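Those sequence lines, one after another, are chains A and B.
Numbering that gives the first Met the number 0 puts the first residue of the first sequence at 0, with every later residue one more than the last.
Numbering that gives the first Met the number 0 puts the first residue of the second sequence at 0, with every later residue one more than the last.
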Amino acid sequence: MPALENKVMGAKEAIGKFVHDGDHLIIGNYTVGTCVELVFEVIRQGRKGLTLYSQSGVFDVEVLVGGGCVDRLVSTYVYRAGGKQGGSAVERGMKAGTLQMEDYTNFDYNARLVAGMHGFTFMQVLEGVIVTDLFKKRSFLGEDKYRVIQCPYTGKTILTVPAANPDVCIVHVQRADKFGNAQYWGALGSVAAAALASKRIIVSCEEIVEHDIIKSSPHLTIIPAYRTDAVVEIPWGAHPTEVLGYYNIDRPMYAMFFGADATGDGLKAWMDEWVYGCKSRELYIDHYISKFGSAGLNEIKAKAFYSAPANYGSAFTSYWNEEGKARGLDVTLEEMEKLMKERGMFYE
Amino acid sequence: MSKPYNLNELLIIAAAREIHDYENVVLGVGLPTTAGALAKAMHAPHATLMMESGIIDFEPLVPPNHIADAHSCRGFSYATDLFSMFTMTYRGFADVCFLGVAQIDKYGNLNTTVIGDYYKPKIRLAGSGGAADFLSYAKRTILTMRGGEFAEKLDYFTSPGYLEGGDSRDKSGLFPKGTGPSMLLTTKGVFRFDPETKEMYLSEIHPRMSVDKIRQDIPWDLKISPDLKETAPPTDEEIDFIRKFAPTEVVGRELMFELSFNYFLKKAQQQGKA
């Protein structure tokens with residue numbers, strides 16, 4: 000991907016171009032700020048046979064599995080609605096034999112991505128897991144879920160996980176420029192690793208900002224333009240989850256979702272209404288307002304609490320001072336060229 | 000005469016008392032965050048509160064919705080990533096952490112993954128998340144169990160407690176010496192672990208609870224502390240703090256859902272919707 004190319008497009012085009020049947024798809028966001036609209040678009044386009052990676056597979060995993068997109072799941076944490084009487088799409092899929100899941104700890108999952116993002120083939124992880132069923136019970140990764148080696152320096156037993164390099168990452172951030180420099184702040188989780196380990200990256204953002212804004216705050220950039228394939232501007236793109244600095248979680252909407260998710264029929268009805276029934280995020284928000292009014296959305300809009308600006312300034316921005324002389328050399332350009340000619344420094 | 004309080008408040012303060020000043024504290028959502036906020040406001044003002052999503056040194060102003068909730072505070076001191084949160088734990092910088100429990104055996108080994116068969120679950124639970132690594136490497140771990148069960152044998156072994164008891168955890172060579180679960184807090188009492196055998200015993204009992212009632216939940220012959228005490232009640236000051244900070248934790252899930260759902264409907268009706 001060339002860095003300075005305008006990559007702005009709609010969600011439909013981005014998912015259509017870069018997410019394919021059978022892909023290993025990773026959800027970039029961890030617990031917060033879920034890329035909900037990109038997830039919904041994957042479902043609406045009917046992707047099949049995905050191997051899905053999600054660090055904490057709560058809302059995103061439930062709808063993707065409920066939408067029949069996923070054959071295999073790699074995660075550390077899934078959600079189950081409604082206590083003992085309830086259920087989840089993951090549980091229903093595993094019972095029916097239509098879904099296989101590979102369990103890791105939070106660290107082990109993240110370590111696979113860190114290995115992947117740096118181009119390594121494996122990563123050392125914390126060896127305590129060896130005694131547990133996380134190590135002993137394996138699903139589709141089999142022998143390659145974990146392997147044990149000996150440290151060549153200390154002789155110590157070392158537990159390792161293989162690198163993960165998913166085909167495509169979908170991720171929601173606060174802001175990006177049109178080239179795909181993506182800025183994200185708050186709970187960093189495994190967001191950067193998930194994106195950078197992947198072969199293709201689709202970024203959705205609350206707003207597209209001028210390139211100058213990015214350049215004055217590079218400490219917030221987690222994905223550089225040269226790695227990004229598509230930039231999609233989607234205000235409210237993570238609703239009903241939250242985006243720091245933009246809006247809080249919509250608790251009643253979230254609770255209604257999990258109420259519905261306790262049964263397969265409930266989840267289907269919810270998705271018919273909110274995923275298949277709303278072809279874009281604008282239509283989803285319109286539907287929300289027509290059904291519940293706008294008070295709920297107004298109530299969760301964030302009040303600003305700005306980060307102190309970091310001073311990226313320096314003493315000067317040109318080698319030539321106000322008198323037109325090179326700093327520290329005390330000569331003008333003409334004087335410098337004259338001097339060089341006198342000394343016979345040119346090919347003449 | 001002190002204020003009346005309920006079980007939720009008793010549990011929060013019992014957990015908060017396990018946090019000491021100047022400690023690095025890894026919090027989970029719900030009861031632990033409220034306990035952490037209470038400890039910091041009352042007896043541990045220099046504690047560094049953190050969550051595994053990489054939010055370090057935060058002061059929760061409202062109870063977080065989950066472990067990546069930076070909306071619950073006004074900024075924080077150090078934004079790191081999840082990977083580094085666990086490597087700092089591995090290196091011994093996490094003094095105490097809190098974990099929820101679905102199934103626990105007598106040596107404090109945990110299952111939070113599945114009830115029934117792993118591959119064809121009866122009930123598929125959340126999974127490890129950070130639990131297995133925290134219980135392995137945090138210096139102390141406080142366990143909380145509100146809907147879970149005691150089991151002779153776990154359906155799935157998610158997180159390592161004292162393994163087969165005695166010195167088996169230390170002998171495995173996989174864990175720093177002295178780490179492991181230090182306390183289990185349930186809706187009926189407080190359990191701790193024998194320093195030699197590492198078997199869990201009942202150390203405190205909540206008001207209006209009896210040892211017989213506690214024994215009914217436990218499939219082995221539970222050991223009882225010779226100086227079994229009643230769980231210490233919260234002070235008025237602590238109660239005031241908890242109610243202001245976390246009314247949702249105080250009223251409990253059922254009443255919280257009822258009240259918030261009614262409010263949501265009322266708002267919608269006022270706008271002529273729904």
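Where is the CB? At the ideal position from N, CA and C, for every residue including glycine.
Fair warning: this is a prediction, and the values are worked out from it, not measured in the lab.
Contact criterion: CB-CB distance below 8 Å. Does residue i meet it with respect to chain B?
i, result
"Glu-241/A", "yes"
"Phe-315/A", "no"
"Ala-196/A", "no"
"Met-93/A", "yes"
"Leu-140/A", "no"
"Gly-127/A", "yes"
"Ala-294/A", "yes"
"Ile-248/A", "yes"
"Asn-164/A", "no"
"Ala-325/A", "no"
"Phe-106/A", "yes"
Hey, does residue i have any beta-carbon neighbour from chain A nearer than 8 Å?
i, result
"Asn-23/B", "no"
"Phe-82/B", "yes"
"Thr-32/B", "no"
"Tyr-77/B", "no"
"Thr-157/B", "yes"
"Asp-132/B", "yes"
"Ala-267/B", "yes"
"Pro-218/B", "no"
"Ala-273/B", "Any reading at Ala-273/B must be qualified, since the residue scores a pLDDT of 49, below 50, and its modelled position is unreliable; the value itself is stated next. With 8 Å as the cut-off, Ala-273/B counts as an interface residue toward chain A."
"Ile-204/B", "no"
"Leu-184/B", "no"
Rounded to a whole number of angstroms, what is the C-alpha to C-alpha distance between residue i and residue j?
i, j, result
"Phe-121/A", "Thr-79/B", "22 Å"
"Lys-302/A", "Thr-33/B", "23 Å"
"Gly-82/A", "Ala-101/B", "11 Å"
"Thr-143/B", "Val-189/B", "9 Å"
"Gln-270/B", "Pro-175/B", "59 Å"
"Lys-119/B", "Gly-96/A", "8 Å"
"Leu-364/A", "Leu-24/A", "The displayed coordinates of chain A run from 0 to 347. Any statement about residue 364/A would go beyond what the structure contains."
"Asp-70/A", "Ile-26/A", "15 Å"
"Ile-114/B", "Ser-259/B", "31 Å"
"Asn-77/B", "Ala-131/B", "The identity of residue 77/B in the sequence shown is Tyr, whereas the question assumes Asn. Computed Cα separation, rounded: 24 Å."
"Ala-273/B", "Ser-181/B", "In this predicted model, Ala-273/B has a pLDDT of only 49, less than 50, meaning its place in the structure is not dependable; the value taken from the coordinates is given anyway. Going by the C-alpha atoms only, they are around 50 Å apart."
"Lys-170/B", "Tyr-161/B", "10 Å"
"Val-7/A", "Arg-174/A", "13 Å"
"Val-250/B", "Phe-240/B", "14 Å"
"His-19/A", "Arg-46/A", "7 Å"
"His-205/B", "Glu-229/B", "6 Å"
"Val-210/B", "Asp-143/A", "47 Å"
"Met-84/B", "Gly-53/B", "6 Å"
"Thr-156/A", "Tyr-145/A", "13 Å"
"Val-330/A", "Gly-323/A", "8 Å"
"Ala-229/A", "Gly-85/A", "38 Å"
"Gly-128/B", "Glu-209/A", "38 Å"
"Gly-386/A", "Trp-235/A", "What is shown of chain A runs 0 to 347, which leaves residue 386/A out entirely."
"Asn-7/B", "Arg-252/B", "10 Å"
"Ile-42/A", "Tyr-76/A", "21 Å"
"Ile-201/A", "Lys-105/B", "48 Å"
"Met-252/A", "Pro-239/A", "6 Å"
"Tyr-262/B", "Gly-91/B", "46 Å"
"Glu-61/A", "Lys-265/B", "29 Å"
Considering only DSSP beta bridges, list what residue i is partnered with.
i, result
"Glu-148/B", "Gln-102/B"
"Gln-270/B", "Answer is none; Gln-270/B lacks a bridge partner."
"Leu-124/B", "Paired residues: none, contrary to the question."
"Met-182/B", "Ile-141/B"
"Thr-158/B", "According to the sequence shown, residue 158/B is Ser rather than Thr. Note: Ser-158/B sits in a beta bridge opposite Leu-109/B."
"Ala-229/A", "Ile-201/A"
"Ile-129/A", "In DSSP, Ile-129/A forms no bridge with anything."
"Trp-319/A", "Ala-325/A"
"Tyr-77/B", "Ile-55/B"
"Arg-191/B", "Tyr-200/B"
"Val-242/A", "Tyr-246/A"
Since residue i and residue j are thought to touch, with beta carbons under 8 Å apart, how far apart are those beta carbons, to the nearest angstrom?
i, j, result
"Gly-32/A", "Glu-281/A", "19 Å between Cβ atoms; not a contact."
"Glu-22/B", "Ala-46/B", "5 Å"
"Thr-30/A", "Ile-66/B", "6 Å"
| said: For a minimum of 4 consecutive residues, which ranges assigned as the alpha helix (DSSP H) are wholly contained in the segment 251 to 316 of chain A? | reply: For the alpha helix (DSSP H) assignment, the uninterrupted runs of no fewer than 4 residues enclosed by the segment 251 to 316 of chain A are, from N- to C-terminal side, 263 to 270, 280 to 291 and 294 to 299.
Any chance you could list the beta strand (DSSP E) runs of at least 3 consecutive residues sitting entirely within the segment 156 to 205 of chain A, in chain order?
Taking only runs of at least 3 residues, the beta strand (DSSP E) segments lying wholly in the segment 156 to 205 of chain A are 156 to 161 and 167 to 175.
_Which complete alpha helix (DSSP H) runs does the segment 80 to 132 of chain A hold, if anything under 4 residues is left out?_
Whole alpha helix (DSSP H) segments, 4+ residues: 88 to 95 and 105 to 117.
| Which runs of the alpha helix (DSSP H), 4 residues or longer, sit entirely within the segment 40 to 78 of chain A? | Note on the segment 40 to 78 of chain A: whole alpha helix (DSSP H) runs with a minimum of 4 residues are 58 to 65, in chain order.
I'd like the ranges of any alpha helix (DSSP H) spanning at least 4 consecutive residues and lying wholly in the segment 20 to 44 of chain B.
Whole alpha helix (DSSP H) segments, 4+ residues: 30 to 40.
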